[in-house]
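Peer 1: In this note's numbering, the protein residues as written are 138 to 348. Right, I'll just put the structure down here and ask away after.
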Ligand SMILES: [Zn+2]
């Protein structure tokens with residue numbers, strides 16, 4: 138079976154246009170390695186194109202994508218923790234100054250859980266187990282009032298992932314030393330807008346323009 142034609146054609150367009158026009162930058166990245174400005178933990182959802190959302194160049198963002206943009210708690214028990222491994226590498230090796238949890242609207246993972254679909258997922262599967270990370274989410278009443286159930290769950294999932302990030306000792310230390318900041322964002326697919334989790338209020342609000 139061949140690769141889909143659209144991917145092959147897209148790749149040759151990339152080589153001809155983007156890579157050819159920015160050869161210097163790609164060579165620099167190849168020779169000097171990566172020094173991303175931030176780590177972004179986003180959903181696998183094909184509609185959440187992280188680099189496009191931030192208009193970010195290659196090398197700018199260290200991106201981890203998983204079902205429903207979740208971070209498990211710190212669990213050094215020797216299992217296969219892909220997300221925790223990526224977080225560890227970004228924070229301890231690359232020393233990124235920012236880790237962003239990027240939720241999004243119409244999230245299939247969060248909403249499957251919200252609608253109780255998880256209970257119907259086979260026990261031996263991976264998704265049901267993964268979505269138990271959403272157990273005991275703390276919904277905020279004012280979110281439900283202002284945005285409805287769906288977004289309130291998506292917001293709560295972002296808050297929960299930030300709380301779990303704070304359970305990693307190496308994150309606690311770098312945050313305490315002022316070397317790392319954690320951020321929660323929510324992307325609206327329909328409008329393209331980002332809401333930002335405010336540290337002071339714990340509420341999601343429109344992302345202010347850069348000053
Ligand atoms: Zn999603």
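Backbone N, C-alpha and C fix where the C-beta goes; we use that ideal spot for every residue, glycine too. None of the values given here were measured: they were computed from a predicted structure.
Buried or exposed: residue 300, going by 16 or more other Cβ atoms within 10 Å of its Cβ?
Peer 2: exposed
Peer 1: Have a look at the DSSP bridge pairing and note the partners of residue 172.
Peer 2: In the DSSP output, where bridge partners are listed per residue, residue 172 has none listed.
Peer 1: Return yes when the Cβ of residue 238 is within less than 7 Å of the Cβ of residue 321, no when it is not.
Peer 2: yes
Peer 1: Roughly how many angstroms separate the alpha carbons of residue 164 and residue 190, rounded to a whole number?
Peer 2: Between residue 164 and residue 190, the C-alpha separation is close to 25 Å.
Peer 1: Could you check which residue in 206, 215, 292, 188 has the C-alpha nearest to that of residue 199?
Peer 2: Minimum Cα distance to residue 199 is reached at 188.
Peer 1: Hey, would you say residue 220 sits closer than 7 Å to residue 201, going by beta carbons?
Peer 2: With contacts defined as CB atoms closer than 7 Å, residue 220 and residue 201 qualify as a contacting pair.
Peer 1: In the DSSP assignment, find the alpha helix (DSSP H) that holds residue 202 and state where it starts and stops.
Peer 2: Careful: residue 202 lies outside any alpha helix (DSSP H), inside the beta strand (DSSP E) at 198-203.
Peer 1: Quick one: give me the first and last residue of the beta strand (DSSP E) that residue 323 is part of.
Peer 2: 318-324
Peer 1: Please determine if the segment 203-214 and the segment 140-153 are in contact, where contact requires at least 3 C-beta pairs separated by less than 8 Å.
Peer 2: no
Peer 1: Quick one: measure Cβ to Cβ for residue 293 and residue 270, integer angstroms, because I've assumed they're closer than 8 Å.
Peer 2: That belief does not hold up - the Cβ atoms of residue 293 and residue 270 are roughly 12 Å apart, past 8 Å.
Peer 1: Shorter than 6 Å, the distance from the beta carbon of residue 205 to the closest heavy atom of ligand 1, or not?
Peer 2: yes
Peer 1: Name the one or two DSSP bridge partners that residue 235 has.
Peer 2: 318
Peer 1: What residue range is occupied by the uninterrupted alpha helix (DSSP H) comprising residue 331?
Peer 2: Careful: residue 331 lies outside any alpha helix (DSSP H), inside the beta strand (DSSP E) at 331-334.
Peer 1: Taking the alpha carbon of residue 340 as the reference point, which residue from 279, 327, 286, 215 has its own alpha carbon closest?
Peer 2: The residue with the shortest Cα to Cα distance from residue 340 is 279.
Peer 1: Among 284, 285, 224, 168, which one has its Cα closest to the Cα of residue 317?
Peer 2: Of the listed residues, the one whose Cα sits closest to residue 317 is 224.
Peer 1: For residue 277, name the three-state secondary structure that DSSP assigns.
Peer 2: coil
Peer 1: What's the call for residue 297, buried or exposed, on a 16-neighbour Cβ count within 10 Å?
Peer 2: buried
Peer 1: Output the distance between the C-alpha atoms of residue 287 and residue 217, rounded to the nearest integer angstrom.
Peer 2: 30 Å
Peer 1: Which one or two residues does DSSP pair with residue 147 in a beta bridge?
Peer 2: DSSP lists no partner for residue 147.
Peer 1: So is residue 150 buried or exposed if we call it buried at 16+ other beta carbons inside 10 Å?
Peer 2: exposed
Peer 1: Spatial neighbours of residue 227 within its chain, please: C-beta separation below 6 Å, excluding the five flanking residues on both sides.
Peer 2: 176, 199, 233
Peer 1: Would you give the residue range spanned by the alpha helix (DSSP H) that residue 223 belongs to?
Peer 2: 219-225
Peer 1: Can you tell me which residues form a DSSP beta bridge with residue 247?
Peer 2: Paired residues: none, contrary to the question.
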